[in-house]
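One structure is given here, and the rest of the page talks about it.
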Amino acid sequence: MNLRILKKLSKRAVPFIEKERWKKDCLFKAEHGDNFTHTGGHDRKHWKRSRSKHDELFYKQDIKTKAKDGNGFIELTQSYMHPWKGTDMVGWTSGYEEPEWEEETAWDYLKKTVFAETVDFVAIPGTEDECGCPEHKFVYTRKLNNPSDYFKAIKDLKKN
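For what it's worth, the UniProt record's numbering labels the leading residue of the sequence shown as 1, then goes sequentially.
Structural data, given as structure tokens:
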């Protein structure tokens, strides 16, 4: 996903989140290089570039190529992705003893909400163990292939 598209989808998700969340101060705009996104699959031009003298990879999804000047390797990694400045974000504190700040883009928050509401956890027949407890699997109650499917689903959830 392109970071420009992520920003636009987050902007479209805000009205649905405002109706659901009881605290309006949980919505804010991302600052440059300050916030993180959990959405993967970004274009390589948004990946972090760094030089390395070693040829082994730190993460499996990283890409290393030999530098053109012959001094070491160029490493491309998407381990920490920052959304564009002005991307709508949702944040909250979690934890009891030592509360910590959690945040994600409005689009990620909407996707998690829709997923939690539209997925059932059902037993698989014939997979009972010695105690009689069957294995379970996730079953989608509706199609969620693209962003428009998520927005249709959240509209239907708000009606019910």
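Virtual Cβ for every residue (Gly too), placed ideally from N, Cα, C.
Check, Outcome
"Backbone secondary structure at tryptophan 101 - three-state DSSP", "strand"
"As assigned by DSSP and simplified to three states, the class of phenylalanine 138", "strand"
"Inter-residue CB distance, glycine 72 and arginine 51 (contact presumed, cutoff 8 Å)", "5 Å"
"Isoleucine 17 in three-state terms, based on DSSP", "helix"
"Glutamate 103 to glutamate 31 span [Cα, whole Å]", "13 Å"
"Span separating the alpha-carbon of phenylalanine 28 from that of valine 90", "6 Å"
"Bounding residues of the beta strand (DSSP E) (the contiguous stretch that carries tryptophan 92)", "88-94"
"Pair within 8 Å by beta-carbon distance, threonine 39 and leucine 76", "no"
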